[in-house]
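Peer 1:
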Amino acid sequence: MDIYKLRINEVENHFLQNDLSLGFRRLIDLILDLGDISYYRKILAYADLFYEESNQDNFRKEQALQIIGELKLLPSPIFQEEVVLLKTNQVEKSYARRNFKLHPITFDLKSREVVGLVGENGNGKTTLLRIIGGELKPTAGSIDYNFSKADLFSFELKSQLVYVPQRIEELYGNLMNNLQFTLSSYNIKGEENFLLAQVMLARLGLWQYRNLEWSQLSSGYKMRFELARTLLRRPKVLLLDEPLANLDIMAQQIILEDLKFLSQSVRNPFGVILSSQQLYEVEKVSTEVIFLEQGKLKNQTNEVESDVNFTIIEIDVTNSKEELLTVLNPLNLKEIKFNGGSYIAYFDSGVSIKNVLTQLGNSDLDVKYVRDISASSRRFFVN
1 MDIYKLRINE
11 VENHFLQNDL
21 SLGFRRLIDL
31 ILDLGDISYY
41 RKILAYADLF
51 YEESNQDNFR
61 KEQALQIIGE
71 LKLLPSPIFQ
81 EEVVLLKTNQ
91 VEKSYARRNF
101 KLHPITFDLK
111 SREVVGLVGE
121 NGNGKTTLLR
131 IIGGELKPTA
141 GSIDYNFSKA
151 DLFSFELKSQ
161 LVYVPQRIEE
171 LYGNLMNNLQ
181 FTLSSYNIKG
191 EENFLLAQVM
201 LARLGLWQYR
211 NLEWSQLSSG
221 YKMRFELART
231 LLRRPKVLLL
241 DEPLANLDIM
251 AQQIILEDLK
261 FLSQSVRNPF
271 GVILSSQQLY
281 EVEKVSTEVI
291 FLEQGKLKNQ
301 TNEVESDVNF
311 TIIEIDVTNS
321 KEELLTVLNP
331 LNLKEIKFNG
341 GSYIAYFDSG
351 VSIKNVLTQL
361 GNSDLDVKYV
371 RDISASSRRF
381 FVN
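Quick look at the structure:
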């Protein structure tokens, strides 16, 4: 069974398990990969009934399953294989009047990959994104863009390499007009232009706001709209600077989930590099997480590699440190640190999260939260 057919089955299971929201979004992905105008019409008709409050979930499910049944009978779109999109080669950036330097950084980005840049403010995340996006020239090193032979400042490359800053450019007019203008710039006209703009609004959760002016959107929805506008350009590489900054927790998770699914398109895959302070959420969807500290790739140094000899557990309890130590010491606890509301406990690598959970469960401690961060970039955020 090919990838597209497997994804049809996954989407079908979302609906069968009553996960209608995720099922709807991924059903649109199937339609976008198909690229058939007649199915653009069908999914837009479904969007109307999906958001109609008087409709019951069973009806929404039945109608979706009908569309899915039709998709199963159609030929699958050709699957585009993964390729290396870009490679940074010892890229550096220093400033004559600033006491900051971005130290040598080398990594690859492939299609369908999401790379998360994490670290505290002022540690080089935006600088690196702007260098990759061609807005800053590196002091040393180079970047190979394997998806285009054009010059970095050419329209061809810029249309495929899209940088979305944290502060989004102000737009005017209503949402549909803006999206249709974007599509017309890429020679998509007529009915396809109109339908595809609507499909992308539905995909990014903006269907109910499609008749609004851009200025009427909240900051979080403006970010969603910017993603819709950007994705219509079919980028090869998408660079996002703090895209989660103005979103609540649920919206953050949905946007990251959407980026992961959309980047894995069968016909038009792309790679994503995003910066964020939301470490846990970013880790869930990222192929690779790059941790920057004072302009250095901390997660590639020997200092950090020594962490692998430990099991590192983050624990939040209402009890005192002394009470926690009494419970954990029998597990040959090596070190414990208080870190912004929780404790970071270090054990020999032979101690598992299961051992720690058993020890905590057999105690009288008031445990609020436990997480194994041994392989997480969270371990770098320890005072």
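Under full-length UniProt numbering, think of the first position of the sequence shown as 1, with each following residue one higher.
Even for Gly, the Cβ is constructed at its ideal location relative to N, Cα and C.
Small disclaimer: the values here were computed from a predicted structure and weren't measured.
To the nearest angstrom, how far is it from the Cα of Lys296 to the Cα of Arg224?
Peer 2: To locate residue 296, count along the sequence shown from 1; it is residue 296. To locate residue 224, count along the sequence shown from 1; it is residue 224. C-alpha separation (whole angstroms): 31 Å.
Peer 1: Go through its chain and collect everything with a Cβ distance to Thr301's Cβ below 6 Å, but skip five positions before and after it.
Peer 2: Position 301 of the sequence shown, counted from the first residue, corresponds to residue 301. Residue confidence for Thr301 is low, a pLDDT of 33 falling below 50, so the modelled location carries little weight; the figure read from the coordinates is stated next. Excluding residues within five positions, none has a Cβ falling inside 6 Å.
Peer 1: If you count every other CB in all the chains shown that lies within 10 Å of the CB of residue 384, and 16 or more means buried, which is it?
Peer 2: Because the chain in this structure spans residues 1 to 383, residue 384 falls outside the shown range and cannot be described.
Peer 1: Enumerate in chain order the residues of its own chain whose CB-to-CB distance from Glu135 is below 7 Å, with the five nearest sequence positions on each side excluded.
Peer 2: Along the sequence shown, read from residue 1 onward, the residue named residue 135 stands at position 135. Tyr163.
Peer 1: Give the DSSP-derived three-state secondary structure of Glu305 in the structure shown.
Peer 2: Locating residue 305 in the sequence shown gives position 305, counting from the first residue. The predicted model places Glu305 with a pLDDT of 46, which falls under 50 and marks its position as unreliable; any figure quoted below should be read in that light. Residue state, collapsed to three classes: helix.
Peer 1: Considering Cα atoms alone, identify which of Lys158, Val266, Gln198 is closest to Ile132.
Peer 2: Position 132 of the sequence shown, counting from 1, holds the residue named residue 132. Looking at the Cα atoms, Lys158 is the closest of the given residues.
Peer 1: What would DSSP say about Ala228, mapped onto helix, strand or coil?
Peer 2: Reading the sequence shown from its first residue, position 228 is the one you call residue 228. Helix, per DSSP.
Peer 1: Could you have a look at Pro165 and say whether DSSP puts it in helix, strand or coil?
Peer 2: Along the sequence shown, read from residue 1 onward, the residue named residue 165 stands at position 165. Three-state DSSP puts Pro165 in coil, outside helix and strand.
Peer 1: Leaving out five residues on either side along the sequence, give the residues of the same chain with a beta carbon under 7 Å from the beta carbon of Leu231.
Peer 2: Stepping through the sequence shown from its first residue, residue 231 is reached at position 231. Result list for Leu231: Met200, Leu262, in chain order.
Peer 1: So, do the stretch 256-273 and the stretch 29-37 have three or more beta carbon pairs nearer to each other than 8 Å?
Peer 2: Touching, yes, given that three or more Cβ pairs across the two stretches are closer than 8 Å.
Peer 1: Below 8 Å on the Cβ atoms is my contact criterion, and I expect Leu91 with Ile290 to pass it. Report the Cβ-Cβ distance as a whole number of Å.
Peer 2: By one-based count along the sequence shown, residue 91 stands at place 91. By one-based count along the sequence shown, residue 290 stands at place 290. Just to set this straight, residue 91 is Val in the shown sequence, not Leu. Your pair Val91 and Ile290 does not check out as a contact, with CB atoms roughly 12 Å apart and the cut at 8 Å.
Peer 1: Would you please state the rounded distance, in angstroms, between the beta carbons of Ala380 and Lys298? I believe it to be under 8 Å.
Peer 2: As a first step, residue 380 is located in the sequence shown; it is residue number 380 there, counting from the start. As a first step, residue 298 is located in the sequence shown; it is residue number 298 there, counting from the start. Before going on, a small fix: residue 380 reads as Phe here, not Ala. Right, their Cβ atoms sit about 6 Å apart.
Peer 1: Residues in its own chain within less than 7 Å of Gly220 by CB, not counting five upstream and five downstream?
Peer 2: Against the sequence shown, residue 220 aligns to sequence position 220. Here the set comprises Asn246, Leu247, Ala251.
Peer 1: Cα separation between Leu206 and Phe347?
Peer 2: Start at 1 with the first residue of the sequence shown, and residue 206 comes out as number 206. Start at 1 with the first residue of the sequence shown, and residue 347 comes out as number 347. One C-alpha to the other measures close to 47 Å.
Peer 1: Evaluate Ile313 with the Cβ neighbour count: other Cβ atoms within 10 Å of its Cβ, from every protein chain shown; 16 or more gives buried, anything less gives exposed.
Peer 2: As a first step, residue 313 is located in the sequence shown; it is residue number 313 there, counting from the start. Ile313 should be labelled buried.
Peer 1: Go ahead and label Leu238 buried or exposed: buried means 16 or more other beta carbons lie within 10 angstroms of its beta carbon, across all protein chains shown.
Peer 2: Along the sequence shown, read from residue 1 onward, the residue named residue 238 stands at position 238. So Leu238 ends up on the buried side.
Peer 1: Curious, which full-length beta strand (DSSP E) runs of at least 3 residues does the stretch 271-338 contain?
Peer 2: 271-276, 288-293, 310-317
Peer 1: Starting from the N-terminal side, write out each stretch of the alpha helix (DSSP H) that is 4 residues or longer and does not extend beyond the stretch 188-228.
Peer 2: Runs of the alpha helix (DSSP H) inside the stretch 188-228: 190-203.
Peer 1: In chain order, what residues of the same chain lie with their CB nearer than 6 Å to the CB of Lys368, ignoring the 5 residues before and after it?
Peer 2: Here residue 368 is taken as the residue at index 368 of the sequence shown, counted from 1. Once the five neighbours on either side are set aside, the close Cβ partners of Lys368 are Asp316.
Peer 1: Measure the beta-carbon distance from Pro235 to Gln160 and round it to whole angstroms, keeping in mind my assumption that it falls under 8 Å.
Peer 2: The residue labelled residue 235 in the question sits at position 235 within the sequence shown. The residue labelled residue 160 in the question sits at position 160 within the sequence shown. That belief holds up - the Cβ atoms of Pro235 and Gln160 are roughly 6 Å apart, short of 8 Å.
Peer 1: Would you say the beta carbon of Tyr186 is closer than 6 Å to some non-hydrogen atom of the ligand ADP?
Peer 2: Although the ligand ADP was asked about, the structure shown includes no ligands whatsoever.
Peer 1: Quick one: what's got a C-beta closer than 7 Å to Arg210's C-beta in the same chain, skipping five residues either side?
Peer 2: Working through the sequence shown from its first residue, we reach residue 210 at position 210. Its chain contains Leu175, Met176, Gln198, Leu201 as the residues whose beta carbon lies nearer than 7 Å to that of Arg210, once the 5 sequence neighbours on both sides are disregarded; these appear in chain order.
Peer 1: Mapping DSSP to helix, strand and coil, what is Tyr95?
Peer 2: Residue numbering aside, residue 95 sits at position 95 when the sequence shown is read from its first letter. Of the three classes helix, strand and coil, the one that applies to Tyr95 here is coil, per DSSP.
Peer 1: Taking 7 Å as the cut-off, decide whether the C-beta atoms of Ile353 and Tyr343 are in contact.
Peer 2: Start at 1 with the first residue of the sequence shown, and residue 353 comes out as number 353. Start at 1 with the first residue of the sequence shown, and residue 343 comes out as number 343. No, Cβ-Cβ distance for Ile353 and Tyr343 is not below 7 Å.
Peer 1: How far does the beta strand (DSSP E) with Phe79 in it extend, from its first residue to its last?
Peer 2: The residue you call residue 79 lines up with position 79 of the sequence shown. Taken as a continuous stretch (DSSP letters only), Phe79 belongs to no beta strand (DSSP E), as it is neither H nor E.
Peer 1: Inspect the beta-carbon positions of Val351 and Thr318 and report whether they are closer than 7 Å.
Peer 2: Locating residue 351 in the sequence shown gives position 351, counting from the first residue. Locating residue 318 in the sequence shown gives position 318, counting from the first residue. Not in contact: Val351 and Thr318 (Cβ atoms no closer than 7 Å).
Peer 1: Between which residues of its own chain and Asn55 is the CB-CB distance below 7 Å, once the five residues before and five after are set aside?
Peer 2: Position 55 of the sequence shown, counting from 1, holds the residue named residue 55. Excluding residues within five positions, the ones whose Cβ falls inside 7 Å are Leu49.
Peer 1: Comparing C-alpha positions only, which one of Asp364, Asn332, Ile28 sits nearest to Ser349?
Peer 2: Within the sequence shown, the letter at position 349 stands for residue 349. Distance check between Ser349 and each of Asp364, Asn332, Ile28 places Asn332 closest, using alpha-carbon atoms only.
Peer 1: DSSP has Ser185 in a bridge; who is on the other side?
Peer 2: Your numbering for residue 185 matches position 185 in the sequence shown. Answer is none; Ser185 lacks a bridge partner.
Peer 1: Only counting the same chain, and skipping five residues up and downstream in sequence, which positions put a Cβ closer than 6 Å to that of Ser306?
Peer 2: Reading the sequence shown from its first residue, position 306 is the one you call residue 306. Interpretation of Ser306 is limited by its pLDDT of 47, a score under 50 that renders its predicted location unreliable; the figure taken from the coordinates is listed afterwards. Answer for Ser306: no residue qualifies.
Peer 1: Jot down the residue ranges of each uninterrupted alpha helix (DSSP H) in the stretch 25-89, minimum 4 residues, whole runs only, in chain order.
Peer 2: 37-51, 57-72
Peer 1: Measure the CB-CB distance between Gln166 and Asp241 and report whether it falls below 7 Å.
Peer 2: Counted from its first residue, the sequence shown places residue 166 at position 166. Counted from its first residue, the sequence shown places residue 241 at position 241. Yes.
Peer 1: Where do the N-terminal and C-terminal ends of the alpha helix (DSSP H) with Lys354 fall, by residue?
Peer 2: The count along the sequence shown starts at 1 and reaches residue 354 at position 354. 353-361 is the span of the alpha helix (DSSP H), which, as asked, contains Lys354.
Peer 1: Around the Cβ of Asn329, are there at least 16 other Cβ atoms within 10 angstroms (buried) or fewer (exposed)?
Peer 2: Within the sequence shown, numbered from 1, the residue matching residue 329 stands at position 329. A residue is called buried once 16 or more other Cβ atoms fall within 10 Å of its Cβ, and Asn329, having fewer, is exposed.
Peer 1: If you draw a straight line from the C-alpha of Tyr39 to the C-alpha of Leu204, how long is it?
Peer 2: Against the sequence shown, residue 39 aligns to sequence position 39. Against the sequence shown, residue 204 aligns to sequence position 204. Spanning the two alpha carbons is a distance of roughly 18 Å.
Peer 1: Do Tyr51 and Gln208 count as a contact pair if the criterion is CB distance below 7 Å?
Peer 2: Reading the sequence shown from its first residue, position 208 is the one you call residue 208. Reading the sequence shown from its first residue, position 51 is the one you call residue 51. In contact: Gln208 and Tyr51 (Cβ atoms closer than 7 Å).
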